[in-house]
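Structure first, then comments.
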Amino acid sequence: MSAGDVAVAQWRIAPGHRDAVTGALAAGTRRVQLDVGGPGRGPALDDAVLTELRRHGAVVDALAVNRANDLGLHRDGRPSSECLDLLLASVALARRHGVPAVHVPSFRASAIVDAASFAATAQVLARCADEGGPDLLVLTESTLGADDAVALVSAAGAPTVRVVADTGNLVDAGHDPATFVATCRDHGVLAPAIHVKVPAGVEPGEVATRTRTILAQVGGDVLLENDYRARPDLLAADVAAAYDRGATRRHSLAGATLDPPTLPRTRPTEGASR
0 MSAGDVAVAQ WRIAPGHRDA VTGALAAGTR RVQLDVGGPG RGPALDDAVL
50 TELRRHGAVV DALAVNRAND LGLHRDGRPS SECLDLLLAS VALARRHGVP
100 AVHVPSFRAS AIVDAASFAA TAQVLARCAD EGGPDLLVLT ESTLGADDAV
150 ALVSAAGAPT VRVVADTGNL VDAGHDPATF VATCRDHGVL APAIHVKVPA
200 GVEPGEVATR TRTILAQVGG DVLLENDYRA RPDLLAADVA AAYDRGATRR
250 HSLAGATLDP PTLPRTRPTE GASR
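First residue of the sequence shown: 0, per my numbering; consecutive thereafter.
Spelled out as structure tokens, the structure:
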């Protein structure tokens with residue numbers, strides 16, 4: 000498989016944005032997806048922090064609004080105003096800094112479980128896409144199968160809405176990742192990068208091997224999303240394996256070094272993948 004760009008999920012390295020970017024750079028990639036944070040999700044991402052990280056060499060591929068899983072995109076079959084406000088603020092932040100995508104997850108409190116939550120989620124995605132304009136992708140991820148995910152994008156009615164394929168989450172939800180990717184790609188709604196992580200329940204000692212197996216089947220851009228907290232060795236190994244998929248490493252870390260941390264530190268918070 001050919002190697003494309005390799006990004007890592009900040010919240011899977013460290014809750015602090017600067018600490019995570021430092022870890023990503025040390026592991027061999029400058030590309031990151033940042034969580035906007037908030038209560039229960041670590042430090043809040045703002046203009047000053049984002050500017051500082053980018054000045055020191057971080058390339059931000061997307062902003063993830065993982066707190067949506069706590070707040071809920073929908074309530075009683077209607078879009079949640081509190082969550083929508085957070086999403087629109089994140090869209091505005093992304094636009095101010097030229098970040099090309101905002102990731103809107105639909106798990107836990109935002110899970111799509113019936114026709115009403117499906118319709119409400121489509122409305123939220125449409126609103127985000129409208130605010131984002133033609134140059135910002137709105138990425139949706141859920142437990143839906145491929146056909147339903149394609150239908151969700153159709154219901155949103157916006158050409159900038161794309162479906163995230165996460166290898167671990169898809170298996171955990173009972174779906175075949177290869178079929179999911181092929182279907183979404185055929186319909187022109189697949190997000191630019193495949194999220195690569197092992198399914199739940201894989202023993203720590205087997206994560207590296209299982210990840211190599213997944214990467215061997217995935218070409219193009221990837222976002223690495225295994226649990227790298229306190230595992231810089233695994234992060235560096237996964238980054239190297241992702242770049243080595245049959246191609247010479249094409250990334251450059253020239254000029255991408257962080258000085259000793261000067262940004263405010265906050266107490267780490269616990270968090271799962273999403």
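Where a beta carbon is used, it is the ideal one built from N, C-alpha and C, also for glycine.
Closest residue to residue i among the options (Cα-Cα distance)
i: Val-101; options: Gly-36, Ile-213, Leu-135 and Ala-57; result: Leu-135
i: Ala-6; options: Val-201, Val-195, Gly-131 and Ala-199; result: Val-195
i: Val-98; options: Arg-126, Pro-133 and Ser-105; result: Pro-133
i: Leu-124; options: Ala-154, Asp-46, Ala-108 and Asp-146; result: Ala-154
i: Ala-192; options: Ala-239, Val-221 and Pro-78; result: Val-221
i: Arg-126; options: Phe-117, Ser-116 and Val-137; result: Val-137
i: Ser-80; options: Val-160, Ser-109 and Leu-52; result: Ser-109
i: Val-58; options: Ala-23, Asp-75 and Pro-104; result: Ala-23
i: Gly-187; options: Asp-171, Ala-177, Pro-176 and Arg-161; result: Arg-161
i: Asp-185; options: Pro-78, Glu-51 and Asp-146; result: Asp-146
i: Gly-76; options: Asp-60, Ala-121 and Gln-216; result: Ala-121
i: Leu-85; options: Arg-54, Leu-49 and Glu-130; result: Glu-130
i: Phe-117; options: Ala-91, Gly-37 and Pro-78; result: Pro-78
i: Thr-50; options: Leu-87, Leu-33 and Leu-151; result: Leu-33
i: Ala-172; options: Tyr-227, Arg-107 and Asp-60; result: Arg-107
i: Arg-244; options: Val-48, Asp-60 and Ala-215; result: Ala-215
Close Cβ partners of residue i (< 6 Å) along its chain, the five nearest in sequence each way excluded
i: Val-35; result: Leu-44, Leu-62, Val-64 and Ser-89
i: Ala-19; result: Gln-9, Ile-12 and Ala-13
i: Gly-167; result: Lys-196, Val-197 and Pro-198
i: Val-201; result: Arg-209
i: Ser-141; result: Ser-105 and Ile-111
i: Ala-240; result: Arg-211 and Leu-214
i: Asp-60; result: Ala-6, Arg-30 and Gln-32
i: Ala-181; result: none
Integer Cβ distance of residue i from residue j, believed to fall under 8 Å
i: Ala-119; j: Leu-72; result: 7 Å
i: Ala-114; j: Ala-157; result: Contact flag wrong, Cβ pair sits at about 20 Å.
i: Ala-25; j: Pro-231; result: 7 Å
Test item: CB-CB of residue i and residue j under 8 Å
i: Gly-144; j: His-96; result: no
i: Val-350; j: Thr-139; result: Any property of residue 350 remains undetermined from this structure, which presents the chain solely from 0 to 273.
Beta-carbon contacts of residue i that lie in its chain and below 8 Å, excluding the five residues immediately before and after
i: His-250; result: Reliability fails at His-250, whose pLDDT of 48 lies under 50, so the model's placement of it is uncertain and the value that follows must be treated cautiously. Same-chain partners within the cutoff: Asp-4, Val-5, Gly-27, Thr-28, Arg-29, Arg-30 and Tyr-242.
i: Val-274; result: Residue 274 falls outside the range modelled here, since the chain spans only 0 to 273, and no answer is possible.
i: Ala-91; result: Glu-130
i: Val-48; result: His-16, Arg-17, Pro-42 and Leu-262
Rounded C-alpha distance that separates residue i from residue j
i: Ala-164; j: Ala-93; result: 21 Å
i: Arg-211; j: Asp-237; result: 8 Å
i: Ala-67; j: Gly-56; result: 28 Å
i: Ile-213; j: Ala-177; result: 10 Å
i: Ala-2; j: Arg-74; result: 41 Å
i: Phe-179; j: Leu-70; result: 27 Å
i: Leu-52; j: Gly-219; result: 25 Å
i: Leu-189; j: Pro-38; result: 30 Å
i: Cys-183; j: Tyr-227; result: 28 Å
i: Ala-229; j: Leu-151; result: 37 Å
i: Asp-46; j: Leu-223; result: 25 Å
i: Ala-235; j: Leu-87; result: 34 Å
Contacts around residue i, its chain only, beta-carbon distance under 7 Å, and the 5 residues preceding and following it disregarded
i: Leu-83; result: Val-123 and Arg-126
i: Glu-205; result: none
i: Asn-225; result: Arg-11, Lys-196, Val-197, Val-206, Thr-210, Leu-233 and Asp-237
Cutoff 8 Å: residue i Cβ touching any chain B Cβ
i: Ala-148; result: Given the protein chain composition of this structure (a single chain), no chain B is represented.
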